[in-house]
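Engineer: The structure is given below, and queries will be raised subsequently.
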Amino acid sequence: MVTPIKGDFASIPLNPEGRRIGNAWDPGKDEAAGEQCKAYGAGGIMRRPTRLHITWQDDSTLKIETDEGTQTRLLHFGGKPPEGGPRTYQGYSAAQWERPLRGAGTPAPGLGAVRQGTQGRALEVVTTQLRPGYLRKNGAPYSQDAVIREFFDLSKEPNGDTWFVVITIVEDPTYLNEPFVTSTNFKKQADASGWSPSPCFAK
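If you read the sequence shown in this note's numbering, its first letter stands for residue 6, the second for the next number, and so on.
This is how it looks when you write it as structure tokens:
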């Protein structure tokens, strides 16, 4: 994936301070400061060209691993962010099953449930306690005050393919004029043959 050019913030509702920070982006400085993973935090990782490995870490924690940047997200069911907890690029993600669109349904194993008839549920995730990062690889910023809401929806196509879409809503009073909304699609693969972990890089 080609890094967008410096200053290309199309579709991102940055306020003047956000644009000032974004226009000062210096990948060399990020590398030197050990902050090469700023574009791989929860505010940007799902927009990277990554493969995902999704498993249950335990009965109440869903784990999402990425090969792009070798990141791990933990989605906590029934948990609350710890008071004074550390701020990290992935933050603290509280998850819950959204009510079915109609009728009753129970979540299938794995990520969400197939949205067919009355069996559909989406997964809703709210992430806080973030370390500042980038919405886009070219330095479009979000701050530690950002709150990220995500809605994961699984679907099975008539041809047998399984997809999920994640709608991401980033709210940040520090750098955004309004919520930044994106939608990203992932297709389930038959195996892990393309899985290729790689480190973060700033450029």
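Note that CB positions come from ideal geometry on N, CA and C, so glycine has one too.
Taking the alpha helix (DSSP H) that ILE50 belongs to, which residues open and close that run?
Structural biologist: One-based indexing of the sequence shown puts residue 50 at position 45. Neither: ILE50 is in no alpha helix (DSSP H) and is coded neither H nor E.
Engineer: Using only alpha-carbon positions, find the residue among PHE169, ALA37 and ARG53 that is nearest to LYS192.
Structural biologist: By one-based count along the sequence shown, residue 192 stands at place 187. Among PHE169, ALA37 and ARG53, the Cα nearest to that of LYS192 is on PHE169.
Engineer: Would DSSP call SER201 helix, strand or coil?
Structural biologist: The residue you call residue 201 lines up with position 196 of the sequence shown. The answer is coil: DSSP assigns SER201 none of H, G, I, E or B.
Engineer: Let me make sure I understand the geometry here. Which of ILE17, ASN28, ALA37 and GLY12 has the alpha-carbon closest to that of PHE206?
Structural biologist: Taking the sequence shown and counting its residues from 1, one reaches residue 206 at position 201. When only C-alpha atoms are compared, the closest one is ALA37.
Engineer: Please classify VAL162 as buried or exposed, where buried requires at least 16 other C-beta atoms within 10 Å of its C-beta.
Structural biologist: Counted from its first residue, the sequence shown places residue 162 at position 157. Note that residue 162 is Glu in the sequence shown, not Val. Exposed: under 16 other Cβ atoms inside 10 Å.
Engineer: Start and end of the beta strand (DSSP E) containing PRO146?
Structural biologist: Counting from 1 along the sequence shown, the entry for residue 146 is found at position 141. First-last of the beta strand (DSSP E) with PRO146: 145-147.
Engineer: Pick helix, strand or coil for ASP158, following the three-state DSSP scheme.
Structural biologist: Residue mapping note: residue 158 aligns to position 153 of the sequence shown, counting from 1. Three-state DSSP puts ASP158 in a strand.
Engineer: Whose C-alpha, out of ALA47, THR132, VAL131 and THR187, is nearest the C-alpha of TYR94?
Structural biologist: For the purposes of this step, residue 94 is taken as the residue at position 89 of the sequence shown. Out of ALA47, THR132, VAL131 and THR187, ALA47 has the C-alpha closest to the C-alpha of TYR94.
Engineer: Shortest alpha-carbon distance to THR66 belongs to which of ILE26, GLY83, HIS58 and THR55?
Structural biologist: On the sequence shown, position 61 is the one that residue 66 refers to. Of the listed residues, the one whose Cα sits closest to THR66 is GLY83.
Engineer: Please report how far the alpha carbon of GLY33 lies from the alpha carbon of LYS208, in whole angstroms.
Structural biologist: Along the sequence shown, read from residue 1 onward, the residue named residue 33 stands at position 28. Along the sequence shown, read from residue 1 onward, the residue named residue 208 stands at position 203. Rounded to whole angstroms, GLY33 to LYS208 spans 8 angstroms at the Cα level.
Engineer: Quick one: using the 10 Å Cβ neighbour count with 16 as the cut-off for buried, is LYS43 buried or exposed?
Structural biologist: If you number the sequence shown from 1, residue 43 lands on position 38. Looking at its Cβ environment, which holds 16 or more other Cβ atoms inside 10 Å, LYS43 is buried.
Engineer: Cutting at 6 angstroms between CB atoms, please list the residues of its own chain near LYS85, excluding the five before and the five after it.
Structural biologist: Translated into positions along the sequence shown, residue 85 becomes position 80. Here the set comprises nothing.
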